[in-house]
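Note sheet for the following structure.
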Amino acid sequence: MKTDPTDTGGLFTGRRPGTRPVKYRDTPEYRGAARQRVDRLLAAGLLALMIFINLLFWGPLPVAWLWVGSQVDYGTGSTFLGITVAFFGLLLTLLLGLVISRRIDLLWILARRAAGYDQREGTIGRVFAATAIIGASIFFAWFILIKGPGSSLGPAQ
């Protein structure tokens, strides 16, 4: 008898609501080779857009919110308010970017299925991991080689 709440999701019997496995059609209907090429290009464009949005997380968005926070600090004279605005603004923007990336990922799955691929899972995790590695690598290269403590390009102090 399954009465353990971890087996039933905290309910007395059965499965948690909304956790039924997703079922896809067995064979998608295709409209021809030209349409599949268009769908492949659309999927590639959606993937490029998702990569672009995720790359914004690692440079332009934090810099933009630091600038907004500095303007709030200058205008109000409150450093705490400037830091708070920058932090919560960046947090909100990052969460909004992830929501948009997830929706693009769902569209990407549909475009890939329409292009003739048996696509059942998205690529948002791989895109986020790859852009994190790229962003962190660029940041550390900039920090260590150009502006950091070991910089040999700037004047000696």
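In the working numbering, the protein residues as written are 94 to 250. Glycine included, C-beta positions come from ideal geometry on N, C-alpha and C.
inquiry  = Taking its Cβ as the centre, do 16 or more other Cβ atoms sit within 10 Å of residue 150, making it buried, or is it exposed?
reply    = buried
key: Spatial neighbours of residue 148 in its chain, beta-carbon cut-off 6 Å, leaving aside the 5 residues before and after   = 224
ask   = What residues in its chain sit with their C-beta under 7 Å from that of residue 159, if we drop five residues either side in the sequence?
value = 179
ask   = In chain order, what residues of the same chain lie with their CB nearer than 8 Å to the CB of residue 199, ignoring the 5 residues before and after it?
value = 215
task = Take every Cβ of the stretch 136-146, pair it with every Cβ of the stretch 203-219, and state whether three or more of those distances are shorter than 8 Å.
result = yes
query = Assuming residue 185 contacts residue 154 under a Cβ cut-off of 8 Å, what Cβ separation, rounded to an integer in Å, is found between them?
reply = 11 Å between Cβ atoms; not a contact.
Of the listed residues 133, 218, 124, nearest to residue 143 (C-alpha basis) = 218
message = So within the stretch 157-227, which uninterrupted alpha helix (DSSP H) runs reach at least 4 residues, ignoring any that extend past its ends?
response = 172-207
message = Residues in the same chain with beta-carbon distance under 6 Å from residue 212, minus the five sequence neighbours each way, listed in chain order, please.
response = 202, 205, 206
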